[in-house]
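Worksheet: the structure to be examined is printed underneath.
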Amino acid sequence: MENAVFIGLSQQMALKRRLDITANNLANVNTTAFKSEHPLFEEFLVERANQDSVSYVQDYGSYRDLREGEFTHTGRPLDLAVSGEGYFTIETPQGTRYTRNGSFRLDPEGTVVTIDNNALLDENNRKITVDLQFQDVSFAPDGTVTTAPGQTQKISLVNFENPQVLKQVGNGLYDAEDFRPQAAVEATIMQRTLEKSNVQPILEMTAMIDIMRAYQSAQQLLDSEHDLQMKTIEEMPTLQ
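And the structure:
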């Protein structure tokens, strides 16, 4: 009897984890360049002496859907999108971070920054700055920043051998931890464009309904098992 309870509880824990991830995807459906995540589960067998093994559900981890979101034209010269596998390099108080959210602006000193005032870096890990007296700023597909007097700097576009190792740290930023980036040679920059979230809300809503139904089914199993245990406890004195 206890095995059925433990199995049901392990399923509910896995479903809760899946629900949390699905809810987070839906919450970021309008977040620029957001990549949806999906959970990974595996069977966990517990072997018992002279008895059949018991199969539980184990939360193995999650993976990120790296497919590009839809590109939308904004007309703003500091809105940038990465076409291909690549990330902008950002300087934050916590260290170097990476993002595909290219919604930038100029601070009072002419530094290109994110909405959280974190500086965009060039390929030499220097902040990208623009002379404020020149209004026209253009970004070439290779990341070269050009103003009226001529070329200034080149944006650092990087990629990773396995982008799944990047850890989300909020505000569209990723932490590479101890993994070293490499130049994103096949990625290009699109100016006056932003990448939308790749979350598909209809699929996520459908998944949420399936999760709730599966959770209710597991709960019904637990309730039935509880009723059976109570009935057994009540009848045991009679049998003795």
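As numbered in the UniProt record's numbering, residues 1 to 240 make up the sequence shown, in order. Just so it is clear, CB atoms sit at the ideal spot from N, CA and C, and this is done for glycine as well. The model shown is predicted, which means the values in this text are computed figures rather than measured ones.
Could you pull the start and end residues of the beta strand (DSSP E) that D142 belongs to?
-> Unbroken run through D142: none, as it is neither H nor E.
Y98 to Y215 span [Cα, whole Å] | 37 Å
CB V158 to CB Q182, shorter than 8 Å?
-> yes
Counting only runs of 3+ residues fully inside the UniProt domain "Flagellar hook protein FlgE/F/G-like D1" (81–146), write out the beta strand (DSSP E) ranges in chain order.
-> The beta strand (DSSP E) runs lying completely inside the UniProt domain "Flagellar hook protein FlgE/F/G-like D1" (81–146) and spanning 3 residues or more are 87–92 and 95–99, given in chain order.
Who are the near neighbours of residue 242 in its chain, counting only those whose CB is closer than 8 Å to its CB and skipping five residues on each side?
-> Nothing can be reported for residue 242, as the shown portion of the chain is limited to 1 through 240.
Beta-carbon proximity list for Y63, same chain, < 8 Å, skipping 5 on both sides | For Y63, the CB contacts under 8 Å within the same chain, skipping 5 residues up- and downstream, are E37, H38, L40 and Q164 in chain order.
Quick one, which of Q94, K127, F6 and T32 has its alpha-carbon nearest A176's?
-> Q94
Contact check, E85 vs K196, beta carbons under 8 Å | no
Within 8 Å, strictly: CB atoms of K127 and E91 | Yes, Cβ-Cβ distance for K127 and E91 is below 8 Å.
Are the beta-carbon atoms belonging to A218 and G75 less than 8 Å from one another?
-> no
Separation of D65 from E186, as counted between CA atoms = One C-alpha to the other measures close to 19 Å.
Cα-Cα separation, N30 to L106 = 23 Å
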